[in-house]
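See structure below.
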């Protein structure tokens with residue numbers, strides 16, 4: 005099931021972050037689609053900050069332009085193609101500017117994107133962002149670069165996402181990636197791959213870090229948060245092969261909620277998105293037990 009909280013006001017928002025001293029290259033990154041894409045853009049910016057890039061909201065001065073795309077509707081894809089026309093006009097003035105397409109549309113079209121949109125130098129799927137430094141080297145050498153390989157274990161749990169301005173109030177914390185529910189209307193299982201969950205220790209560490217930076221509210225984020233299941237790593241569908249020890253020590257979503265609430269009692273906690281067929285009474289009991297878990301459930305009626 006697609007994580008469908010799409011904030012229309014944020015569509016096309018460019019990510020601008022605190023500048024890192026010593027970085028000389030400029031990155032313009034624009035995001036469309038669900039909250040997961042905006043969260044992923046923070047991960048991408050964090051990875052590229054280590055490669056000498058600072059973000060900018062000035063398209064004309066960018067050395068690298070990235071657009072994080074959505075494939076849930078045709079309208080979303082047409083919006084991306086119109087933006088590429090704008091990039092093309094800017095690239096005529098700044099021919100050294102490189103253009104990359106990220107996200108679900110990149111995963112759906114793969115190399116075909118390079119054939120259809122000549123301005124595009126790089127196509128990167130949602131599970132391949134750690135490969136961006138290598139892909140950029142290929143682009144700088146004059147070659148088109150593509151990595152749309154879906155991963156069985158990538159959760160970006162070891163990446164500390166850079167946050168907008170660093171002084172926000174609310175933040176997204178990704179806990180799962182992918183989805184195993186093959187809803188008829190949804191492309192997510194094909195663009196974001198099979199479901200896998202992030203180590204709860206890394207989630208709590210990120211939440212603790214956000215508290216230290218002054219954040220007051222987090223949203224635990226995933227295509228289907230209710231099916232969160234950590235048993236040591238790997239795809240959820242392989243849990244059936246887990247050992248007795250792995251099963252005994254596994255963490256489900258209700259337990260993760262409680263761990264997060266206990267770790268930071270002063271932090272407001274939300275989560276998105278839920279699926280009717282996967283939500284359990286244990287989750288509701290956890291919400292009732294802890295006052296800092298907000299009494300709000302985003303439950304799309306068309307799912308499940």
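Residue numbers (my numbering): 5 to 308.
Beta carbons are placed, not taken as given, at the ideal position from N, Cα and C, and that holds for glycine.
*Could you have a look at residue 102 and say whether DSSP puts it in helix, strand or coil?*
For the purposes of this step, residue 102 is taken as residue 98 along the chain shown, with counting starting at 1. Note: residue 102 maps to strand in three-state DSSP.
*If you follow the beta strand (DSSP E) that residue 221 is part of, which residue opens it and which one closes it?*
Indexing the chain shown from 1 puts residue 221 at position 217. Counting along the chain, residue 221 sits inside the beta strand (DSSP E) bounded by residues 221–225.
*Nearest-angstrom Cα distance between residue 6 and residue 192?*
On the chain shown, residue 6 is found 2 positions in, with the first residue counted as 1. On the chain shown, residue 192 is found 188 positions in, with the first residue counted as 1. Unreliable placement is indicated for residue 6, whose pLDDT of 41 sits below 50; no coordinate value is reported for it.
*Secondary structure of residue 5, DSSP reduced to three states*: As a first step, residue 5 must be located in the chain shown, where it is residue number 1. Summary for residue 5: the model assigns pLDDT 42, below 50, so the residue's position carries little reliability; its value from the coordinates is reported in the next sentence. Residue 5 carries a coil assignment under DSSP once its states are collapsed to helix, strand and coil.
*Tell me, which residues are paired with residue 26 by DSSP?*
As a working mapping, residue 26 is identified with position 22 in the chain shown. Residue 26 is bridged by DSSP to nothing; it lacks a bridge partner.
*Enumerate in chain order the residues of its own chain whose CB-to-CB distance from residue 160 is below 6 Å, with the five nearest sequence positions on each side excluded.*
On the chain shown, position 156 is the one that residue 160 refers to. Excluding residues within five positions, the ones whose Cβ falls inside 6 Å are 47.
*Take the Cβ of residue 129 as the centre, count every other Cβ of all protein chains shown within 10 Å, and call the residue buried at 16 or more, exposed below.*
Along the chain shown, one-based indexing puts residue 129 at 125. Note on residue 129: 16 or more other CB atoms within 10 angstroms of its CB, so buried under the neighbour-count rule.
*May I have the straight-line CA-CA distance separating residue 56 from residue 267, to the nearest angstrom?*
Translated into positions along the chain shown, residue 56 becomes position 52. Translated into positions along the chain shown, residue 267 becomes position 263. Those two C-alpha atoms are separated by around 34 Å.
*In terms of residues, what are the limits of the alpha helix (DSSP H) holding residue 291?*
Sequence index remark: in the chain shown, residue 291 carries index 287 (1-based). For residue 291, the enclosing alpha helix (DSSP H) has its first and last residue at 285–293.
_Between which residues of its own chain and residue 73 is the CB-CB distance below 8 Å, once the five residues before and five after are set aside?_
Translated into the one-based positions of the chain shown, residue 73 becomes position 69. Hits under 8 Å: 36, 37, 41, 80, 81, 84, 105, 106, 107, 108, 109, 110.
*Return the chain-ordered ranges of every alpha helix (DSSP H) run that is complete within the region 198–275 and spans a minimum of 4 residues.*
The region 198–275 contains these whole alpha helix (DSSP H) runs: 204–216, 248–252, 257–267.
*Please state whether DSSP places residue 154 in a helix, a strand or coil.*
Mapped onto the chain shown, residue 154 falls at position 150. Here DSSP, grouped into helix, strand and coil, assigns residue 154 to coil.
*In the DSSP assignment, find the beta strand (DSSP E) that holds residue 128 and state where it starts and stops.*
Position 124 of the chain shown, counted from the first residue, corresponds to residue 128. Taken as a continuous stretch (DSSP letters only), the beta strand (DSSP E) holding residue 128 covers 126–128.
_Residue nearest to residue 178 in terms of C-alpha spacing, selected from 212, 145, 207_ = For this step, residue 178 is matched to residue 174 along the chain shown. The candidate whose alpha carbon is nearest that of residue 178 is 207.
*Between the Cα of residue 198 and those of 221, 223, 233, spot the shortest distance and give me the residue it belongs to.*
As a position in the chain shown, residue 198 is number 194, starting the count at 1. Selected option, being the one with the closest Cα: 233.
*Reducing DSSP to helix, strand and coil, say where residue 297 ends up.*
Translated into positions along the chain shown, residue 297 becomes position 293. Note: residue 297 maps to strand in three-state DSSP.
*Kindly confirm or deny that the region 140–149 and the region 180–191 touch, where touching means at least three C-beta pairs closer than 8 Å.*
Verdict: no, contact absent.
*Starting from residue 97, follow the alpha helix (DSSP H) in both directions and report where the run begins and ends.*
Position 93 of the chain shown, counted from the first residue, corresponds to residue 97. First-last of the alpha helix (DSSP H) with residue 97: 78–97.
*Decide if residue 240 is buried, meaning its Cβ has at least 16 other Cβ atoms within 10 Å, or exposed.*
In the chain shown, counting from the first residue as 1, residue 240 sits at position 236. The residue is buried, with at least 16 neighbouring Cβ atoms inside 10 Å.
_Tell me which residues share the same chain as residue 300 and place their Cβ nearer than 7 Å to its Cβ, disregarding the 5 neighbours each side in the sequence._
Position 296 of the chain shown holds residue 300. So the list reads 274, once near-sequence residues are dropped.
*Span separating the alpha-carbon of residue 86 from that of residue 292*: Residue mapping note: residue 86 aligns to position 82 of the chain shown, counting from 1. Residue mapping note: residue 292 aligns to position 288 of the chain shown, counting from 1. C-alpha separation (whole angstroms): 46 Å.
*Which residues mark the beginning and the end of the alpha helix (DSSP H) in which residue 164 is found?*
Here residue 164 refers to the residue found at position 160 of the chain shown. Where residue 164 is concerned, there is no enclosing alpha helix (DSSP H), given that its DSSP letter is neither H nor E.
*asked:* According to DSSP, is residue 304 part of a helix, a strand, or is it coil?
replied: Position 300 of the chain shown, counting from 1, holds the residue named residue 304. Shown here, residue 304 sits in coil according to DSSP, grouped into three states, outside any helix or strand.
*Based on the DSSP output, what are the partners of residue 66 in its beta bridges?*
On the chain shown, residue 66 is found 62 positions in, with the first residue counted as 1. Per DSSP, none; premise fails for residue 66.
*Measure the Cβ-Cβ separation of residue 31 and residue 70 and say whether it is below 9 Å.*
Working through the chain shown from its first residue, we reach residue 31 at position 27. Working through the chain shown from its first residue, we reach residue 70 at position 66. It is a contact, given that the beta carbons lie within the stated cut-off.
*Between the Cα of residue 262 and the Cα atoms of 280, 297, 247, which residue gives the shortest distance?*
In the chain shown, counting from the first residue as 1, residue 262 sits at position 258. It is 297.
*Whose C-alpha, out of 227, 182, 213, 238, is nearest the C-alpha of residue 203?*
The count along the chain shown starts at 1 and reaches residue 203 at position 199. Of all alpha-carbon atoms in 227, 182, 213, 238, the one lying nearest the alpha-carbon of residue 203 is that of 238.
*For residue 101, I'd like the list of residues in its chain whose CB is within less than 7 Å of its CB, leaving aside the five on either flank, ordered along the chain.*
Position 97 of the chain shown, counting from 1, holds the residue named residue 101. Setting aside the 5 residues that flank it on each side, residue 101 is surrounded in the same chain by 66, 67, 69, 94, 95, each with a C-beta closer than 7 Å to its C-beta; the list follows chain order.
*Could you tell me the distance, in whole angstroms, from the CA atom of residue 277 to the CA atom of residue 97?*
Numbered from its first residue, the chain shown carries residue 277 at position 273. Numbered from its first residue, the chain shown carries residue 97 at position 93. The alpha-carbon atoms of residue 277 and residue 97 are separated by roughly 42 Å.
_One or two residues paired with residue 57 in a DSSP bridge_ = One-based indexing of the chain shown puts residue 57 at position 53. According to DSSP, residue 57 shares a beta bridge with 29.
*Could you please give the first and the last residue of the uninterrupted alpha helix (DSSP H) stretch that includes residue 143?*
Counted from its first residue, the chain shown places residue 143 at position 139. Start and end: 136–144.
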